[in-house]
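A.B. asks: The listed protein sequences derive, respectively, from chains A and B.
Per my numbering, the first sequence starts with residue 0, numbered consecutively.
Per my numbering, the second sequence starts with residue 640, numbered consecutively.
A virtual CB, placed ideally from N, CA and C, is assigned to each residue, including glycine.
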Amino acid sequence: MPRDPSIRSILIIGAGPIVIGQACEFDYSGTQACKAIREEGIRVLLLNSNPATIMTDPVMADRTFIEPVTADAVERICAQERPDAILPTLGGQTSLNVAMELARRGWPARSGVRILGADPEVIDRAENRQRFKDIAARCGLATPRSYVVHTVAEAMECQKDVGLPAIIRPSFTLGGTGGGIAYNVDEYAAIVESGLRASPVSEILIEESVLGWKEFELEVVRDRNDNCIIVCSIENVDPMGVHTGDSITVAPALTLTDREYQRMRDGAFAIMREVGVECGGSNVQFASDPATGRQVVIEMNPRVSRSSALASKATGFPIARIAAKLAIGYTLDELKNDITRSTPASFEPTIDYIVTKIPRFDMEKFPGADPTLTTSMKSVGEAMAMGRTFKESLQKALRSLERGRFGLGLDRHDRWGRPDQPTRAEIVDRLARPNNERIHFVRYALKAGLDEAEVCRISRFDPWFVGELAELVRFEERLRALRGQALDAHRDLLLEAKRHGYSDVQLAAAAGVTEDEVRAARGRLGLRPAYRTVDTCAAEFAARTPYFYSTWGEEPDEVPSAGKPKVVILGGGPNRIGQGIEFDYCCIHAAIALRADGYETIMVNSNPETVSTDYDTSDRLYFEPLTLEDVLGVIERERPAGVIVQLGGQTPLNLARRLEAAGVPIIGTSPEAIHRAEDREAFEAVLEKLGLDKPPHGMARTVEEARDVARRLGYPVVVRPSYVLGGRGMAVVHDEASLLAFAEEAASVSPDHPILVDQFLEDAIEVDVDLLADATGDVVIGGILEHIEEAGVHSGDASCALPPYTLPPLLLDRMREASRRLARELGVRGLMNVQYAVKEDNVYVLEANPRASRTVPFISKATGRPLAMIAARVMTGRTLAELGVTGEVRPPRFAIKKSVFPWARFPGCNILLGPEMRSTGEVMGMDRDFAAAFAKAQAGAGEHLDRPGAVLITVRDQDKRQVVYVAKKLASVGCEIVATRGTYKVLERNGVERLRLVQKIDAGRPNPLDLIRNGEISMIVNTPSHGPLAHEHEKRIRSLAVARNVPCFTTIAAAAAAVSAVEHVKQGPLRVEALQDVLVGLGAF
Amino acid sequence: MTQSPPARLALEDGRVFHGRAFGARREVAAEVVFNTSHTGYQEVLTDPSYRGQAVVFTVPILGIYGVGDDADDQSGQAQAAAIVCREASPRASNYRSRRTLHEHLEAVGVPGIEQVDTRTLTKHLRDTGAKNGVVSTSDEPDEALVERARRAPSMAGLDLARVVTTAAPYRWDEGFRPDSSPWGPDEVAQAAPGARGRVVVVDFGVKRDILRHLVAQGLEVEVVPASTPADAILERGPDGVLLGSGPGDPAAVAYGIEAARALLGAAERDGLPVHGVCLGHQILSLAAGATTRKMLFGHRGANHPVRCARTGRVLITAHNHGFAVDPATLGRTGLEASYVSLFDGTVEGIRHTRLPVAAVQFHPEAGPGPHEAGAFFREFALAVSARRGAPEPAGAGRGAADGAGPAGQEGGA
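What follows is the structure in structure tokens.
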């Protein structure tokens, strides 16, 4: 049946900020949905608070609302814009929850707006654990023994039947937040409690453990004619017990017979029908007992998910696009398979390669948190790789992770044969306890002489996977033949190694030569990768979509080329904290702009979640690891006129010099200029030459030197190891004892590993300046962001305001001028980000990043000027004047950026902002004044300021005077203030009204924790003190605040900003405003 | 890892693909075809429809779950002439696995060749058509192998049914084992054995999953050789006849067409249900006066969408055919196309406008492949039981009667 003509306008609900379990895969699905629906002539409205998404570009929808993703916002937008329907199945759990809330309010009936894709009843059937269990039973499918409970007492009762270990899953939470696996009674009680708290409906499922069973996922699509297809089957290498988002997975499912697979397929369809997902994509998870083949169904997501993005990239079948078309009335057989363009979408992709996905973790950023992998997701990103064998695919995926690993072992992080070679005890422990290094420990285990059966028994990996790894371990022995030998004499062995996925780096390590020597030998031997097409049909039909991966020892597939000049854009690889969707956004913008300019654009990336790895973003897509070898392979195949390295974050930037040395034409800022900005000493010389100030600093090679430097500078100081980037391992230390501890333990300072010591500019304000510069020396400021928190908070974590809200014009002009001079001196061609600290009247340069920064998409949305597109054009030789880019755009609204943090995933870690970045994503709040914009940013981050309740204030001594103003203002708008003794006294003395005293945590009850638990607290102002006891108390308060979603401000500056926002929300609901009404001259996008 | 001897696949058009031998060490000449299923190599290996063919698997690794008991077998022996793949797993992992694919092929005398650039080979077959080839470990020059490939008989005009059919009639009693049943639980409550009547299956190379389905539908099943004349079939007094699947060129099975023509007469005369699957479908079409033609590279896989003409529903089905019924010739046959391939418009099923005669080109029995077309067998069983006048248990006709079963088991014909 053709599309429903009664739908003329649709509101698509996005997923909001990037959080663990809900990342840029929902920008990918949302963007596809916008395109798919708009090309039908339907008016598209879009709601998403995340400015770093492509979907919120003003050209993607007719009306774009960068507003909090809440039921309130949807109601207001619909009242204003009168759409016929909303589509909540492409924005993850967030948008689904909004739809549920709207249904609870009775809104669809009241407003006459339809909810497309999945009605609330369907969502409830899939997500309500008990109902789902009943449905599975009706379909005749087995489920693990389980109970749905709402209280601790009930949970204790049913534990007897379920036994231990037991799995606890909270209902309606993202990626299993709050759940886990309990091995003993104490753990059981603790997890039950956290699960009940995490579930918005205080409901958990207690489940029989199927730990160690094989785990599978099927991606299902159904249309309203009841046609069902499986797009992809996925098998987890990590068996049951590890969240699928944290598991290494492969596609297609490998260890199932046809009988087993087809039963699973039948079950998935039966569930889909019984749950009643009328049309769209869903994901059904199964576990299978390896000993008996008994299958149980675990859960179902009645929406497009992270796995659907993976399945789309793995097969070439665009699930979100198709789901969007189905939502507006089409059936599968009416839609074309875009890849073959000759066959319909009603088929099941078949693939002739193996896909491996490996999650990426940033555990080291959350010290104190347990790194064991459980059913609650902890990974922050993922890499995917394709190969013609499992071994090739796995090794490519391992090096795609960019964790310094170049495959399975044989690289500089390989501990085998080194002093830190793992002991048998460590190996056994790391096999038994799921962790992010487990695959490497399987190798260590085999090298240590554990037999395959033993490894399987301990790890519960399927023997087939362990056998594959064992073959690689045996192959390592054959690679010994290379040591001390002329590589040229070993062509066959090298080719075989390549076919097993070994990288040049690994072969170099095996042979005892350099990576460059291996590459040179390959060149002489004519060994180069063959690029093959991803075509959804295993070559059964001719495919036109240019989506490629490399393999070895085969004939290449045709790579169509229109003969236009080519530009290669290097992407950012797997998401990680500090490098995520913002950089993908910039790469996509480059592809769009240069494609429009007549270039053939070629994207190289390894991240399956992103829009950049959608096959129609660029003219060609190479799904490859971003290592020197893999990138050079693509470049040798394509011979581009230029390669762009400054948009994908640090990943491509780190390759710049070596690519240039290999003769690759880097366009934009030269690698030499990049080096001058990134190398600390070279950059100091630049600053000196320009007469710009840096905070006083020094370098230390011994503990004593560190102490001396710190004494000279005066405490507090910022310290960091010199060999890391991006705030990793940075700390602010306030006294000598902490400094010495840091120098000795955290940084293990030595002559080879000096530490850098900077004076910490207390109470300084940090500022980010993003600019564009071209070859003529013309520089245009893109935007100036003032941080709301004081200096010392990583710029990625700080809240920011655009335009600046407290700094005087004179100082801003000085930063503009300094930025211009820096850009000219360095020879920037494209984007640069400069960070400043302003203290009193002094402006200090903290660092300059000659690349796209995290703030580029935010500024582009706030100003309507697409900085990355312009930068890409500048890199191809255009001038800013030619492009009409002159002068700084005055933002038409206040825009506030607020970061969101994964604290809830890492219980035990200290919740405090610092120089090390720990946020996963951000939201934008935009409005006519600062207060309203700030309130929206808070709401977008889920920390609403309009909740009833008192404000808890407990601050360190030095802040007590300043907090008086904050408290008075709160009291004046009717807020009750609750304060601990010291703060209470100061406030009372200063005549603050509506004041209540609360005991300190150890001084009696009720204490602040009780009040928070009871829901009496709507907001917290808590600045960190330095005493160990106070520190412990604050930690408990902040942890509880996070668990209860109570906004918590840890600096006076942020608290002051929040107070103005509270004042605003007391006056009435937040407005909604379309980007298209705010920005002018959007033709640039 | 691959220390097995080098092997080659030489095609009659001169293309030669290199790889390594596994399984039996034996040279074979065969028609080279490709199959795009992710799973089910054991079923493919034992499917008589692959008789005399070297099957190229596009799935990159074969043999991961090993070879299990005969519950997955589609006949009593290996049928494919050779197996061609990118990688053959030297290990097997599955609770039902009894040996590795290599060990099994060695035991049943089928040569394999792995480390072959199967994607390039598949593209070649797709572009130039299925063709004969030789799989060999000999060290003769390429030309010698190519020459032998050229001399191998073409599939066109080849009557392979005669080769794979049973020598003597037999009874078949085995349904699906619980852990290898293709059905959801509501289907497991199988009809009582034989309750719905007795059918004769003409064995042109019938797959065992077809027989298992018939038993599961409560039919008593007798299998007769391909060359059994119609009167000998009718003498057995069946309540229905099913022309089974099989290999080769349908036009070459003159005796089968002859018998089918007489069976159509019985359908006309006294309402005998006559159904067909795959080769049986082609033979029935030929008997009714249509013609068949050889396809360029055929359909072999488990992901083929076909549309049901009656309901508009799309089924994802298992295919294995290199010949097809020419739709232009259906005109005066009394038959109409009941299913059409959404890939290329091929006729995938026929039904008679008046008589209880229907057939499908695809494989409703799956084995390997999706199960959603299995209602074909229920419809056949209902037609059989209707003719016999046996009372139907309540609800038994659900899927066929309302046209949309719960598991997408839209009627077969």
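Give a yes or no on whether 9 angstroms exceeds the smallest Cβ distance from A:I353 to chain B.
C.D. replies: On the first sequence, residue 353 of chain A is found 354 positions in, with the first residue counted as 1. At least one chain B Cβ lies under 9 angstroms of A:I353.
A.B. asks: Quick check on this structure: which residue in A:A267, A:I205, A:Y187 and A:S201 has the alpha carbon closest to the alpha carbon of A:V219?
C.D. replies: In the first sequence, counting from the first residue as 1, residue 219 of chain A sits at position 220. The shortest C-alpha separation from A:V219 is found at A:A267.
A.B. asks: Taking the alpha helix (DSSP H) that A:R679 falls in, what are its first and last residues?
C.D. replies: Residue 679 of chain A sits at position 680 when you count from the first residue of the first sequence. R679 to L689 is the extent of the alpha helix (DSSP H) around A:R679.
A.B. asks: Output the distance between the C-alpha atoms of B:V827 and A:G380, rounded to the nearest integer angstrom.
C.D. replies: Against the second sequence, residue 827 of chain B aligns to sequence position 188. Against the first sequence, residue 380 of chain A aligns to sequence position 381. Any reading at B:V827 must be qualified, since the residue scores a pLDDT of 42, below 50, and its modelled position is unreliable; the value itself is stated next. Cα to Cα, B:V827 sits roughly 43 angstroms from A:G380.
A.B. asks: If you measure beta-carbon to beta-carbon, which residues of the stretch 206-231 of chain A are closer than 9 angstroms to chain B?
C.D. replies: Per Cβ criterion, the list reads D222, N224, D225, N226, C227, I228 and I229.
A.B. asks: Taking Cβ-Cβ distances shorter than 7 angstroms, what residues in chain A pair up with B:H677?
C.D. replies: Stepping through the second sequence from its first residue, residue 677 of chain B is reached at position 38. The contacting residues are P251 and T349.
A.B. asks: Here's a check: name, in chain order, each residue in its chain whose Cβ is nearer than 6 angstroms to the Cβ of A:A323, leaving out the five neighbours to either side.
C.D. replies: Indexing the first sequence from 1 puts residue 323 of chain A at position 324. A32, A35 and I36.
A.B. asks: For a quick check, are the C-beta atoms of A:L801 and A:V837 less than 9 angstroms apart?
C.D. replies: For this step, residue 801 of chain A is matched to residue 802 along the first sequence. For this step, residue 837 of chain A is matched to residue 838 along the first sequence. Cβ distance not < 9 angstroms, so A:L801 and A:V837 don't count as in contact.
A.B. asks: As a quick exercise: from A:P545, A:P664 and A:L526, pick the residue whose alpha carbon is nearest that of A:T535.
C.D. replies: As a working mapping, residue 535 of chain A is identified with position 536 in the first sequence. Closest option to A:T535, Cα to Cα, is A:P545.
A.B. asks: Compare the C-alpha of A:M362 against each of A:A447, A:N989, A:P901 and A:Q961 and name the closest.
C.D. replies: For the purposes of this step, residue 362 of chain A is taken as the residue at position 363 of the first sequence. Ranking the options by Cα distance to A:M362, first place goes to A:P901.
A.B. asks: Output the distance between the C-alpha atoms of B:E726 and A:T532, rounded to the nearest integer angstrom.
C.D. replies: The residue labelled residue 726 of chain B in the question sits at position 87 within the second sequence. The residue labelled residue 532 of chain A in the question sits at position 533 within the first sequence. C-alpha separation (whole angstroms): 19 angstroms.
A.B. asks: So A:D769 packs on A:L830, CB below 8 angstroms; how close in whole Å?
C.D. replies: As a position in the first sequence, residue 769 of chain A is number 770, starting the count at 1. As a position in the first sequence, residue 830 of chain A is number 831, starting the count at 1. Between A:L830 and A:D769 the Cβ distance is about 7 angstroms, and since that is below 8 angstroms, they are a contact.
A.B. asks: Since B:H1082 is in the alpha helix (DSSP H), which residue starts that stretch and which ends it?
C.D. replies: Lying outside 640 to 1052, the shown extent of chain B, residue 1082 of chain B is not represented and no answer is given.
A.B. asks: Buried or exposed for A:H1030, please, with buried defined as at least 16 other CB atoms from any protein chain shown within 10 angstroms of its CB.
C.D. replies: Numbered from 1 along the first sequence, position 1031 holds the residue referred to as residue 1030 of chain A. Exposed.
A.B. asks: Where DSSP assigns a beta bridge to A:C799, which residues make up the other side?
C.D. replies: Counted from its first residue, the first sequence places residue 799 of chain A at position 800. A:H786 and A:K896.
A.B. asks: DSSP state of A:Y530, grouped into three classes?
C.D. replies: Along the first sequence, read from residue 1 onward, the residue named residue 530 of chain A stands at position 531. The answer is strand: DSSP assigns A:Y530 an E or B state.
A.B. asks: Identify the continuous beta strand (DSSP E) that holds B:L881 and give its terminal residues.
C.D. replies: Your numbering for residue 881 of chain B matches position 242 in the second sequence. Per DSSP, B:L881 belongs to the beta strand (DSSP E) from G879 to L882.
A.B. asks: Note down the Cα distance separating B:P877 from B:H743, rounded to an integer number of angstroms.
C.D. replies: Reading the second sequence from its first residue, position 238 is the one you call residue 877 of chain B. Reading the second sequence from its first residue, position 104 is the one you call residue 743 of chain B. One C-alpha to the other measures close to 38 angstroms.
A.B. asks: Since A:Q21 sits in a beta bridge, which residues does DSSP pair it with?
C.D. replies: Here residue 21 of chain A is taken as the residue at index 22 of the first sequence, counted from 1. Beta-bridge pairing links A:Q21 to A:V18.
A.B. asks: Give me the residue from A:V873, A:L526, A:V833 and A:M155 with the minimum Cα distance to A:E816.
C.D. replies: Looking up residue 816 of chain A in the first sequence gives position 817. Ranking A:V873, A:L526, A:V833 and A:M155 by CA distance to the CA of A:E816 puts A:V833 first.
A.B. asks: Can you tell me whether A:A384 sits near the ligand ATP, meaning its C-beta is under 8 angstroms from at least one heavy atom of the ligand?
C.D. replies: As for the ligand ATP, it is missing from this structure, which has no ligand bound.
A.B. asks: Please compile the residues from chain A whose C-beta is within a distance smaller than 9 angstroms of the C-beta of B:L981.
C.D. replies: If you number the second sequence from 1, residue 981 of chain B lands on position 342. Neighbourhood of B:L981 in chain A, by CB distance below 9 angstroms: D332, T342, P343, S345 and F346, in chain order.
A.B. asks: Going residue by residue through the stretch 78-149 of chain A, where are the continuous beta strand (DSSP E) segments of at least 3 residues, counting only ones entirely within it?
C.D. replies: 84-86 and 145-148
A.B. asks: For A:G990, count neighbouring Cβ atoms within 10 angstroms of its own Cβ and tell me buried if that reaches 16, exposed if not.
C.D. replies: As a position in the first sequence, residue 990 of chain A is number 991, starting the count at 1. Answer is exposed; the Cβ neighbour count stays below 16.
A.B. asks: A:A84 and A:V112 - do their beta-carbons sit closer together than 9 angstroms?
C.D. replies: Here the question's residue 112 of chain A lines up with position 113 in the first sequence. Here the question's residue 84 of chain A lines up with position 85 in the first sequence. Yes, Cβ-Cβ distance for A:V112 and A:A84 is below 9 angstroms.
A.B. asks: Would you give the residue range spanned by the beta strand (DSSP E) that B:Q692 belongs to?
C.D. replies: The sequence position of residue 692 of chain B within the second sequence is 53, counting from 1. Per DSSP, B:Q692 belongs to the beta strand (DSSP E) from Q692 to F696.
A.B. asks: Select from A:T176, A:P82, A:L46 and A:T875 the residue whose C-alpha is nearest the C-alpha of A:A70.
C.D. replies: Counting from 1 along the first sequence, the entry for residue 70 of chain A is found at position 71. Among A:T176, A:P82, A:L46 and A:T875, the Cα nearest to that of A:A70 is on A:L46.
A.B. asks: Determine the extent of the beta strand (DSSP E) in which A:I1164 is found, giving its start and end residues.
C.D. replies: In the structure as shown, chain A starts at 0 and stops at 1084, and residue 1164 of chain A therefore has no counterpart that could be examined.
A.B. asks: Are A:L969 and A:V950 close, meaning C-beta to C-beta below 9 angstroms?
C.D. replies: For the purposes of this step, residue 969 of chain A is identified with residue 970 of the first sequence, where counting begins at 1. For the purposes of this step, residue 950 of chain A is identified with residue 951 of the first sequence, where counting begins at 1. For A:L969 and A:V950, yes; Cβs fall inside 9 angstroms.
A.B. asks: Is the beta carbon of A:F741 less than 9 angstroms from the beta carbon of A:G367?
C.D. replies: If you number the first sequence from 1, residue 741 of chain A lands on position 742. If you number the first sequence from 1, residue 367 of chain A lands on position 368. The answer is no: Cβ separation not under 9 angstroms.
A.B. asks: Between A:S48 and A:A1053, is the Cβ-Cβ spacing less than 9 angstroms?
C.D. replies: As a first step, residue 48 of chain A is located in the first sequence; it is residue number 49 there, counting from the start. As a first step, residue 1053 of chain A is located in the first sequence; it is residue number 1054 there, counting from the start. Result no, Cβ atoms of A:S48 and A:A1053 do not sit closer than 9 angstroms.
A.B. asks: On the DSSP letters alone, give me the boundaries of the alpha helix (DSSP H) that A:D769 sits inside.
C.D. replies: Residue 769 of chain A sits at position 770 when you count from the first residue of the first sequence. Where A:D769 is concerned, there is no enclosing alpha helix (DSSP H), although the beta strand (DSSP E) it sits in stretches over I764 to A772.
A.B. asks: With a threshold of 6 angstroms on Cβ separation, who are the neighbours of B:E651 within its own chain once the five nearest residues in sequence on each side are excluded?
C.D. replies: Position 12 of the second sequence holds residue 651 of chain B. Taken in chain order, the residues that qualify are K770, N771, A788 and R789.
A.B. asks: Using alpha carbons as the reference points, say which of A:R414, A:N435 and A:K390 lies closest to A:A447.
C.D. replies: The residue given as residue 447 of chain A occupies position 448 in the first sequence. Residue A:R414 is the option with its Cα nearest to A:A447.
A.B. asks: Can you find the residues in the same chain that come closer than 6 angstroms, C-beta to C-beta, to A:G178, ignoring five residues on each side of it along the sequence?
C.D. replies: Walking along the first sequence from the start, residue 178 of chain A turns up at place 179. Hits under 6 angstroms: I167, R168, P169, G194, T374 and S375.
A.B. asks: Does B:Y689 have its Cβ less than 9 angstroms from a Cβ in chain A?
C.D. replies: Within the second sequence, the letter at position 50 stands for residue 689 of chain B. When Cβ-Cβ separations below 9 angstroms define contact, B:Y689 makes no contact with chain A.
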